[in-house]
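Notes to accompany the following structure.
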Amino acid sequence: MEERNDWHPVALSTSIKPATSAGTRLFDEELVVWRDTGEATHIWEDRCPHRGMKLSFGFVRGDHIACLYHGWQYDAAGQCRYIPAHPDIKVPPAIKVKTYGAAEQDGMIWAALGPDLPPLPSRSATETLPVRSLYLRGGTGRALNLLRDHPPRSFTQEAGPAQIEPVSPTLFRIRAGTDALLIGVQALSGSRTALHIVIAGPAAAYQGAGQLHFLRWANALRHDAETVQVEPAATALGEAV
Amino acid sequence: MPALALYNYELDDACYKVRLALSILSVEYEAIAVDAFPGKEQTKPPLLDLNPLGRLPILRDGDVVLHGAEAILAHLARAYDGSGKWLPAEAAAFASVMQWLQFAASDLSVAREAREQALFDAPGDGTALSTEAARMLRIMDDHMTARSFAGASWFAAPHATIADIALFPAFALSRDFGVDHDEYPALRNWARYVRQLPGFTTMPGIPDYH
Ligand code: FES
Numbered sequence: 003m004e005e006r007n008d009w010h011p012v013a014l015s016t017s018i019k020p021a022t023s024a025g026t027r028l029f030d031e032e033l034v035v036w037r038d039t040g041e042a043t044h045i046w047e048d049r050c051p052h053r054g055m056k057l058s059f060g061f062v063r064g065d066h067i068a069c070l071y072h073g074w075q076y077d078a079a080g081q082c083r084y085i086p087a088h089p090d091i092k093v094p095p096a097i098k099v100k101t102y103g104a105a106e107q108d109g110m111i112w113a114a115l116g117p118d119l120p121p122l123p124s125r126s127a128t129e130t131l132p133v134r135s136l137y138l139r140g141g142t143g144r145a146l147n148l149l150r151d152h153p154p155r156s157f158t159q160e161a162g163p164a165q166i167e168p169v170s171p172t173l174f175r176i177r178a179g180t181d182a183l184l185i186g187v188q189a190l191s192g193s194r195t196a197l198h199i200v201i202a203g204p205a206a207a208y209q210g211a212g213q214l215h216f217l218r219w220a221n222a223l224r225h226d227a228e229t230v231q232v233e234p235a236a237t238a239l240g241e242a243v
Numbered sequence: 232m233p234a235l236a237l238y239n240y241e242l243d244d245a246c247y248k249v250r251l252a253l254s255i256l257s258v259e260y261e262a263i264a265v266d267a268f269p270g271k272e273q274t275k276p277p278l279l280d281l282n283p284l285g286r287l288p289i290l291r292d293g294d295v296v297l298h299g300a301e302a303i304l305a306h307l308a309r310a311y312d313g314s315g316k317w318l319p320a321e322a323a324a325f326a327s328v329m330q331w332l333q334f335a336a337s338d339l340s341v342a343r344e345a346r347e348q349a350l351f352d353a354p355g356d357g358t359a360l361s362t363e364a365a366r367m368l369r370i371m372d373d374h375m376t377a378r379s380f381a382g383a384s385w386f387a388a389p390h391a392t393i394a395d396i397a398l399f400p401a402f403a404l405s406r407d408f409g410v411d412h413d414e415y416p417a418l419r420n421w422a423r424y425v426r427q428l429p430g431f432t433t434m435p436g437i438p439d440y441h
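The listed protein sequences correspond, in order, to chains V and F.
According to my numbering, the first sequence is numbered sequentially starting from 3.
According to my numbering, the second sequence is numbered sequentially starting from 232.
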């Protein structure tokens, strides 16, 4: 699948605090997204090489993540460094978690499943404020149709209809008056999609009331997605707009 | 012997709410082990005299006997919290705590049912229960997302209250009934703050990060 090779948003930057981890999925593959205490983000297969438990259940210590089950610790490169049951052994290099490309920009954390890392699209915003990650039933095409059918109203001024335009195969920009939102589209699976929504604009203009304005829009969009029949869209990611 | 006695079952999430509050407020108590599973001791006399509903937890504090975790939390806050913060007196914060306590005791009890179905084979349609529990957790996540825009980290006040204690177990134990934390970023963040409360304690199913 070619689109595996793109950069995909997997979380809002603000959702993964330093020294925390979370599980997510991309094309139904389970991933752990974690941030070390130095604030760097890491995206790995969510599977401990020991017994296959989820690393996202584990906890971060410094620049290591520890598996919850038997405490094996992995460094930022995915290499196992410490096995509590055998504190004195030198851990064989083969005990290594599968790692993926990780990057951070536009207020989101991005994953590339590889094998080759594509170039990261250039930045779309100098300053962003989080709105929310919205989890929706259905594939990415349906989510994009919903966005197109339920555009937000502007926060700062009354304006004509919102415009939605693709920035990359997985990132869309919505303009409503002088406001701009960035929407990262994550294919969790063929039947579940996450929209990662940020405001592209200064905190001074949007913090608090502006975020709430677009949160209400996002929640209403989800409400419509769950109550109103939407045309089932066969279109793939990136072709729907 | 401490003045307080808690009729307790270690694996019960509602008993855990009370243990968590007692630990955070540093109140000494005696835990009286109840054979809730498989014995269902709480549904029979003599415990039925203490709570005719046949449920845990039950707290005895001198002459006061209380059942229902949320009522017990309110009692503990009023009786043992010198700071007055855990159940604030100010009207708006007090009402907000009450709103979330009620949510925890009623709407969110579906999470308890889902978990008991999954762990103890209690009656009910497991899938339907956990779907409904996930919907309740989403209401909590939506609330905390909006709270975060104002820089607030807690459900009902600028600081932690007994509402946070009453809501915590359903989220922390959700994997027991097959609901992962992936889709609740605001609750993940809130749970991290709960874990950092002085006196925080875990129960089986809630990992202790060592
Ligand atoms: S499964 Fe991860 S340490 Fe054992």
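For every residue, glycine included, the Cβ atom is placed at its ideal position computed from N, Cα and C.
Would you say residue i touches the ligand FES, meaning its beta carbon is less than 7 Å from a heavy atom?
i	result
Cys246 of chain F	no
Arg218 of chain V	no
Gly73 of chain V	yes
Met371 of chain F	no
Met55 of chain V	yes
His52 of chain V	yes
State the Cα-Cα distance for the pair residue i and residue j, rounded to the nearest angstrom.
i	j	result
Ser17 of chain V	Pro416 of chain F	6 Å
Leu284 of chain F	Ser340 of chain F	15 Å
Asp372 of chain F	Asp151 of chain V	25 Å
Pro117 of chain V	Gly212 of chain V	40 Å
Ala388 of chain F	Thr433 of chain F	23 Å
Ala262 of chain F	Tyr238 of chain F	6 Å
Gln81 of chain V	Lys98 of chain V	4 Å
Glu272 of chain F	Glu344 of chain F	18 Å
Ala236 of chain F	Asp312 of chain F	18 Å
Ile437 of chain F	Leu287 of chain F	19 Å
Ile185 of chain V	Leu146 of chain V	10 Å
Thr362 of chain F	Asp413 of chain F	15 Å
Gln105 of chain V	Leu138 of chain V	According to the sequence shown, residue 105 of chain V is Ala rather than Gln. One C-alpha to the other measures close to 24 Å.
Leu136 of chain V	Asp338 of chain F	22 Å
Arg6 of chain V	Ala365 of chain F	29 Å
His88 of chain V	Ala68 of chain V	15 Å
Gln188 of chain V	Ile91 of chain V	41 Å
For a contact meaning CB atoms closer than 7 Å, what does residue i contact in chain F?
i	result
Gln213 of chain V	Phe380
Ser135 of chain V	Pro416
Leu70 of chain V	Pro438
Under 7 Å Cβ-Cβ, which residues of chain V neighbour residue i?
i	result
Asp395 of chain F	What Asp395 of chain F touches in chain V: nothing, since even the nearest Cβ is about 18 Å away.
Asn420 of chain F	Lys19
Within the same chain, show all residues whose beta-carbon is closer than 6 Å to that of residue i, passing over the 5 residues directly before and after it, in chain order.
i	result
Tyr424 of chain F	Ser384
His298 of chain F	Asn282 and Ile289
Gly73 of chain V	Pro86
Asp266 of chain F	Glu272
For residue i, which residues from the same chain have a beta carbon less than 7 Å from its beta carbon, with the 5 sequence-adjacent residues on both sides left out?
i	result
Glu241 of chain V	Residue placement at Glu241 of chain V cannot be trusted, given a pLDDT of 45 that sits under 50; what the coordinates show is reported in the next sentence. If we look at Glu241 of chain V and ignore the five residues flanking it on each side, it has no Cβ neighbours.
Asp395 of chain F	Trp385, Phe386 and Val425
Ile166 of chain V	Leu149, Arg150, Pro153, Phe174, Ile176 and Val243
Tyr260 of chain F	Pro233, Leu235, Ala236, Leu237 and Leu253
Lys248 of chain F	Ala300, Leu304, Ile396, Ala397 and Pro400
Leu119 of chain V	Gly103
Quick check on residue i - is its C-beta less than 8 Å from some C-beta in chain F?
i	result
Lys92 of chain V	no
Gly64 of chain V	no
Gly25 of chain V	yes
Leu183 of chain V	no
Phe61 of chain V	yes
Can you pull the chain F neighbours of residue i, defined as C-beta to C-beta under 8 Å?
i	result
Gly210 of chain V	Phe380 and Ala381
Leu14 of chain V	Pro416
Cutting at 8 Å between CB atoms, please list the residues of its own chain near residue i, excluding the five before and the five after it.
i	result
Gly471 of chain F	Past the edges of chain F, shown from 232 to 441, lies residue 471 of chain F, and the structure says nothing about it.
Arg250 of chain F	Leu237, Asn239, Ala262, Thr432 and Met434
Ala236 of chain V	Reliability fails at Ala236 of chain V, whose pLDDT of 49 lies under 50, so the model's placement of it is uncertain and no value is given.
So, does the CB of residue i fall closer than 8 Å to a CB anywhere in chain V?
i	result
His412 of chain F	yes
Thr376 of chain F	yes
Pro438 of chain F	yes
For residue i, return the contacting residues in chain V, with the cut-off set at a CB-CB distance below 9 Å.
i	result
Asp373 of chain F	Arg134, Leu217 and Asn221
What residues of chain V sit near residue i, judged by a beta carbon separation below 8 Å?
i	result
Arg423 of chain F	Lys19 and Thr22
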